[in-house]
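Heads up: the structure comes next, in structure tokens.
2 protein chains.
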Amino acid sequence: MANLRGGDLSRLRQLNSLSAIRELRRDGPLTLSALADRTGLSRPSTKEVVDELAELGWVEEVPPSPGTMGRPARRYRFRADNGFLAGVDIGAHNVRAALSDLDGRVLAETRQPVEPGTPAEQRLAAIERAVEGCLAMSGKTAADLWTVAVGTTGVLTPEGVVRYSAGIPDWSGFDLGERMRAMFPCEVLLENDSRLAALAELRRGVARGSRDVVFLHVARRMGAGLIIDGKVHRGHGAAAGEIVMLPEARWFDAPEHLNSCEVVPEGTPAEDAAGFTLAAARAGDPVALAAVHRYADDLAVGTAAMVLLLDPEIVVLGGGFSRSADVLLTPLRDRLARVCIRMPEVRASTLGGECVVLGAIEYAADHLDRQLFTPDSGPELPVPLPAGR
Amino acid sequence: MANLRGGDLSRLRQLNSLSAIRELRRDGPLTLSALADRTGLSRPSTKEVVDELAELGWVEEVPPSPGTMGRPARRYRFRADNGFLAGVDIGAHNVRAALSDLDGRVLAETRQPVEPGTPAEQRLAAIERAVEGCLAMSGKTAADLWTVAVGTTGVLTPEGVVRYSAGIPDWSGFDLGERMRAMFPCEVLLENDSRLAALAELRRGVARGSRDVVFLHVARRMGAGLIIDGKVHRGHGAAAGEIVMLPEARWFDAPEHLNSCEVVPEGTPAEDAAGFTLAAARAGDPVALAAVHRYADDLAVGTAAMVLLLDPEIVVLGGGFSRSADVLLTPLRDRLARVCIRMPEVRASTLGGECVVLGAIEYAADHLDRQLFTPDSGPELPVPLPAGR
DNA sequence: TCTACTTTCGAAGGAGCCCTTCATTAGTAG
DNA sequence: CTACTAATGAAGGGCTCCTTCGAAAGTAGA
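Following this line, the structure appears as structure tokens:
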């Protein structure tokens, strides 16, 4: 509503140009006629728009597709390789990065192992290595980056300072935003990792096509990310989704049921304990099953709070434990069905460990979209192409 | 983003016409020059747009304002009296209605007392009387209505069937949507009452200017309404906000602390009991204060779940008990501060009993806005004026 | 190889919308 | 009554889009 303004004729041209860009981005190379159909413009006008976009570098002609009737149509594509996006996932045990083109097609991925106790400065170095690795693998440089989106465990302030992090001890109070902006010569976006994972599920995972999604990050630490009305919900202080902090929601201590189960062998490292319990439950061990059910009981309380409040279409079970979704989903569904007014779909994530990185890429791509398609802010269409080209 | 499309020149005119309508609606009568400034158009173009709108009946010339320098400027206003909106609040004890013009200015309000046990058919008759009363008071007829927005206690399906209602026994399963559409010869919108109250607070109450709002309906029955990103959040099945159904959130039985306090005189009707406790607490009675604190304890649990999940700017305390906000706000704030990561503002509603009706009016006005300002749906600008005129 | 058919291309002519400019008009101030 | 102010209304011009048409560049079939 607010982005609806009239203006002079150049504005109409701008709208039509953006319309053309959007269609070309969405559906790959298109002929002029196809593009004219989609934009609603006449063919001659479409031609003019495309010529202008080609001159600006946004669009490029590709060879006509052979084997069609009639005179071969010229085809055009969006130059998604004009710039590149990076996604970063700062976890307690891994730092991951991915590089994509402007359409979000992933070109490279890297992983740098770290420890929860790794000092912040070394963690920063790992971030830089992870991104540099992606750039090197793809033959790009930092100058080719348009946007870097960073996801991290913990709660951030809107400005990008780590407000609180249970998973990384010396992360709290760290001004991640400042350091990331110093590290990359382009725009930097910061978000909570669960929210980015939720976005990844919305765009590339099991939540595709939904408007309202609850994403459960189910692992040694619990978290949640919300998609509301198709958008990541941050909250006014960027602290949304932290139901784990409410004792009555029974999330904080829930993983203990799995960690302290007696099927876990003596001397198992803390991070592996839950895996034993889940594996034993899958094999039918009654003690392990009981622990898993106690876990599901607690998981369901906080989840039910979210479902009752938001009435989402789908609840996505993600995070490390989602590999054991087969033993978790049924008890979780049972318990939710008891209290929920309208039972949502409950499904396990299929994206795996790259979830957050993919979400970061999507987040960066969204940012570009917003810049392009929000008329009253961001770059006007004759946008100066970044230095890299 | 989706409502951003180019098109031919008439589309530009449409955008500029809508822009003019919006400015005229927002800021009352405007001169041509003032309107040109706001829309960004030149004066001659603005004139043409306004002439067209005047011909269609959307806009009307008013006498120039005297006492200005220079040649007097012609002034125009949006004809908000082209059509009318009605808001209805179906409660357990009252049916309220209000009538407003297209700008949401309230012209008349009525109230019809009912009982929780009033049969559905009689409740419907009360609704009709309430609306007819408003129309009669304003000298209008049902044909003048463009939109009726109805708020009711209970959970609705997206189609308008009452899914569940704790406050009105025979309301469950009732096809309210069908009956309302049969009653009024115009568009009918249905919503939950707490959500409409939240909208009223957002537009006319203490939550003005916020993007994310949690509205607490605090009365003999508890409810909640959420505003997310400036919009009423319904959820996929129109069942959002029903945290009261979760036992762990401790909302369902919370009012019992106030009802069963020993300061309540014997034989007090159930609906008045809590009032005694709250009054006694305000007077300093220690027993009543203890009951109020137990109540606040429970209220805070469900509220904290909402605040942690959504991180709103403001929590609005509304509903019948909000008259006693002076004894409730402080304990509620204290308890929230203990668990919340970022403490929101917590304030009492100031709108009183008309809250839901006003929210319904706003909801109907929003609907009109959406129709007008969403280019790809709703009436194109040369909209046929309704039969009434 | 040639012809018929299909589809696109490119140019020309025309209409709609907006802009700027400027002389004119209708008030107020002194 | 005159000077000043600000809006009015008409004229002329530019940009963007549309429709229409003959020409062009392929495929399919004889």
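Going line by line, the protein sequences match chains A and B.
Residue 343 is where the first sequence starts when you use my numbering, and the numbers rise one by one after that.
Residue 343 is where the second sequence starts when you use my numbering, and the numbers rise one by one after that.
Backbone N, C-alpha and C fix where the C-beta goes; we use that ideal spot for every residue, glycine too.
If you're wondering where the values come from, they're calculated on a predicted model, not measured in any experiment.
Looking at G502/B, L487/B, E613/B, D486/B, the one whose alpha-carbon comes closest to that of G493/B is G502/B. Positions of the alpha helix (DSSP H) runs, each at least 4 residues long and wholly inside the region 570 to 653 of chain B, are given as 598 to 601, 612 to 625, 628 to 652 in order along the chain.
In this model, A623/A and V574/B are separated by some 43 Å (Cα to Cα). Among the residues facing chain A, I510/B is not included, as its CB has no counterpart in that chain under 8 Å away.
At a beta-carbon threshold of 8 Å, the residues of chain B lying near P654/A are G577, H578, ordered along the chain. For G567/B, not one C-beta of chain A is nearer than 8 Å to its own C-beta. Contact between R592/A and G644/A holds, with the beta-carbon distance rounding to 6 Å and staying under 8 Å. The contact set of Y506/B on chain A, defined by CB atoms closer than 9 Å, consists of I683 in chain order.
Between the alpha carbons of L532/B and A485/A lies a distance of about 53 Å.
Counting the other CB atoms within 10 Å of its CB gives S407/B a total below 16, which places it among the exposed residues.
Taking C-beta atoms under 8 Å as the contact rule, L383/A and N358/A qualify, at a distance of about 6 Å. V643, A646, A647, M648, L650, L651: these are the residues of the region 624 to 651 of chain A whose beta carbon lies less than 7 Å from some beta carbon of chain B, given in chain order.
Distance from R563/B to G509/B at the Cβ level is roughly 5 Å; contact confirmed, criterion being Cβ atoms closer than 8 Å. Using a Cβ-Cβ cut-off of 9 Å, G583/A is close to L650, L651, L652, D653 of chain B, given in chain order. Here D350/B is exposed, its C-beta having fewer than 16 other C-beta atoms within 10 Å. When the alpha-carbon of A422/A is set against those of S691/A, G579/A, S442/A, D535/A, the nearest one is in S442/A.
For D571/A, the neighbours in chain B by C-beta distance under 9 Å run, in chain order, I570, D571, K573, H575.
According to the DSSP assignment, N424/A belongs to no alpha helix (DSSP H), since it is labelled neither H nor E. Neighbours of R553/A across chain B, judged by C-beta separation under 9 Å: H578.
Ranked by how close their Cα comes to the Cα of M479/B, the residues E584/B, A439/B, D668/B have A439/B in first place. Contact check for A667/A against A632/A fails: the beta carbons are separated by 8 Å or more.
The DSSP assignment places 374 to 381 as complete runs of the alpha helix (DSSP H) inside the region 354 to 384 of chain B, in order along the chain (cut-off: 4 residues). Between the region 677 to 684 of chain A and the region 410 to 429 of chain A, the count of Cβ pairs shorter than 8 Å is below three; the stretches do not touch.
Bounds of the beta strand (DSSP E) holding L532/A are 529 to 534. In the DSSP assignment, D554/B falls outside any alpha helix (DSSP H) and carries neither an H nor an E. Secondary structure of A561/A (DSSP, three-state): coil.
Under the three-state reduction of DSSP output, A434/B falls in the coil class, being neither helix nor strand.
Put simply, the CB of G661/A is far from chain B, with every gap to its CB atoms at 8 Å or more.
DSSP, read as helix, strand or coil, puts L444/A in coil.
Under DSSP, P455/A takes part in a beta bridge, and its partners are N436/A. T410/A carries a coil assignment under DSSP once its states are collapsed to helix, strand and coil. Shown here for G662/A: same chain residues with a beta carbon closer than 6 Å to its own, the five before and five after excluded, namely A561 in chain order.
Along the region 514 to 540 of chain A, there is no position whose C-beta sits under 7 Å from a C-beta of chain B. Going by beta carbons, V634/B and V669/B fall inside the 8 Å limit.
Between T381/A and E403/A the beta-carbon gap is near 17 Å, outside 8 Å, which marks them as no contact.
S536/A has its alpha-carbon roughly 24 Å from the corresponding atom of A581/B.
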